[in-house]
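A.B. asks:
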Amino acid sequence: MTYAASSGDSYTDVGFNITTGPYPNPSNYEGNPDPPGKSSAYALNWAQEISAEYNKSLIYLYDFAPSGAIVNSSLISPYQSVNNTFTAQVDNQFLPYLTGEDRIANWHSSDSLFTIFFGINDIDRALGGDYPCKNGRFRRGHGDQSNGLQLELLGASERVLVDQLATSNLDSASLPGEIGA
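Numbering of the sequence shown is given in UniProt numbering, commencing with residue 1 and proceeding in unit increments.
As structure tokens, then:
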């Protein structure tokens, strides 16, 4: 594997800015900023660990994730703007910079991994957080909005989708502050 393209939210965000560069290179596998960047882990996050620690070769990381991101603004109201979504990460970063003849990396499906890690912001808002789901469509349409088919058609065949634990599986008696906890 030579390339990793990661989409997600604060669990994935490193502060990479594809519009300004520098791009991932042999001196800095994530391009900008220097690792660990602005990781919410205050150390290398899981996407950086894949690129820097759990391999035996250099893996260039293209990390599109901004903190607070959700999957799709037509399902859940976004935190900051409609550009803070997985849909925007694909449309505004992956497509213009990593596809077509002028792409900045010569990746191929055989040497690339595409990771998608969403859920915490979508779940929080769908369960009554500050930004609720729109028209109750969270459960029906969330999985269909992953842009997975679009990535597949462009050659991103090696994908990992990571999501939050289904909150319906949680025992409410074990949650802090609940009766019986």
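We put the CB at the ideal spot given by N, CA and C, even for glycine. Note that the structure is predicted; figures quoted are calculated from it, not measured.
Measure the beta-carbon distance from H108 to G155 and round it to whole angstroms, keeping in mind my assumption that it falls under 8 angstroms.
C.D. replies: 7 angstroms
A.B. asks: Find the nearest neighbour of T87 within the set G37, F16, A65, R103, judged by alpha-carbon distance.
C.D. replies: A65
A.B. asks: Restricting to Cα atoms, I'd like to know which of S74, S81, V14, N92 is closest to S51.
C.D. replies: V14
A.B. asks: Would you call the stretch 1 to 11 in contact with the stretch 118 to 128, where contact means no fewer than 3 C-beta pairs closer than 8 angstroms?
C.D. replies: yes
A.B. asks: Of all the alpha helix (DSSP H) runs that stay within the bounds of the stretch 58 to 131, which reach a length of 4 or more residues?
C.D. replies: 86 to 89, 95 to 98, 120 to 126
A.B. asks: Taking the DSSP output, what are the residues bridged to S7?
C.D. replies: I116
A.B. asks: Grab the span of the alpha helix (DSSP H) containing A52 for me, first residue to last.
C.D. replies: 46 to 52
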